[in-house]
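Novice: Following full-length UniProt numbering, the numbering of the sequence shown begins with 1 at its first residue and continues without gaps.
My questions will all concern the structure given below.
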Amino acid sequence: MENIEGKAWKFRDCIDTDVIIAGRYLRTFNPQDLADHVMEAEDPEFAQKVDKGDIIVGGWNFGCGSSREQAPVAIKAAGVSVIIAKSFARIFYRNAINIGLPVITADIEVDEGDILEVNITDGIIKNKTTNTEYEIQPLDPTMLEILECGGVVNQYIQEKGGK
């Protein structure tokens, strides 16, 4: 995978799926409608401020709460290219990978607005603002393959020859 570069958006520990996308917005399956309200409970203007390619940096237990698949869908549809957090709720982590949204477990020091460059294949995160580099555990080859295909459904379709 290519390097991912974007502006960091920093969030606290225990960001749950209700904070990522409130239950009142789950009546739609349209990813853009979800993206319009992503992280609204934490930052009401986040959906308007986030740019395509930006990076969320969370604390411990990112994505805890319910197993709603709409949470990573809303984040990805908003343009976020990768989520880095100290730890993830297991179901959120897997849901993110399944839809093609990279998630990286790492404890890094950033300020909101720092420019980060992430190489998930080699396991390197560079904070270009502070000129700091972090070595991280590269993702498992199976997960990398899912991400490169754009998610598990796309991987399945490609394996079956586009049928």
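Note that CB positions come from ideal geometry on N, CA and C, so glycine has one too.
Using a 10 Å radius around the Cβ and a threshold of 16 neighbouring Cβ atoms, would you call GLN70 buried or exposed?
Specialist: buried
Novice: Nearest-angstrom Cα distance between SER66 and ASP122?
Specialist: Annotation: SER66 to ASP122 spans about 32 Å, alpha carbon to alpha carbon.
Novice: Would DSSP call ALA85 helix, strand or coil?
Specialist: strand
Novice: Please list, in chain order, all residues of the same chain as ARG24 whose beta carbon is under 6 Å from its beta carbon, the five residues on each side excluded.
Specialist: none
Novice: Just checking my contact of ILE108 with ILE125 at CB under 8 Å: how many whole Å lie between their CB atoms?
Specialist: 6 Å
Novice: In this structure, does DSSP put GLY23 in helix, strand or coil?
Specialist: helix
Novice: So what does DSSP say about PHE62, is it helix, strand or coil?
Specialist: strand
Novice: Alpha helix (DSSP H) containing VAL152: first to last residue?
Specialist: 152-159
Novice: Quick check: the Cα distance between VAL153 and LEU147, rounded to an integer number of angstroms?
Specialist: 11 Å
Novice: Could you give the distance in angstroms between the alpha-carbon of GLU42 and the alpha-carbon of PHE11?
Specialist: 8 Å
Novice: Once the 5 residues before and after ALA78 are set aside, which same chain residues still bring their CB inside 7 Å of it?
Specialist: Cβ within range, chain order: ALA35, VAL38, ALA47, VAL50.
Novice: Using the Cβ count rule (16 or more neighbours within 10 Å means buried), how would you classify ASP54?
Specialist: buried
Novice: Measuring alpha carbon to alpha carbon, tell me which residue in LYS7, ASN3, ALA74 is nearest ALA22.
Specialist: ALA74
Novice: My output table needs one value for GLU42: the three-state DSSP class, helix, strand or coil.
Specialist: coil
Novice: Note the first and the last residue of the continuous beta strand (DSSP E) segment covering GLU145.
Specialist: Counting along the chain, GLU145 falls outside any beta strand (DSSP E), though it belongs to the alpha helix (DSSP H) covering 141-149.
Novice: Using CA atoms only, rank isn't needed, just tell me which of ILE120, ALA106, GLU145, THR132 is closest to PHE62.
Specialist: ALA106
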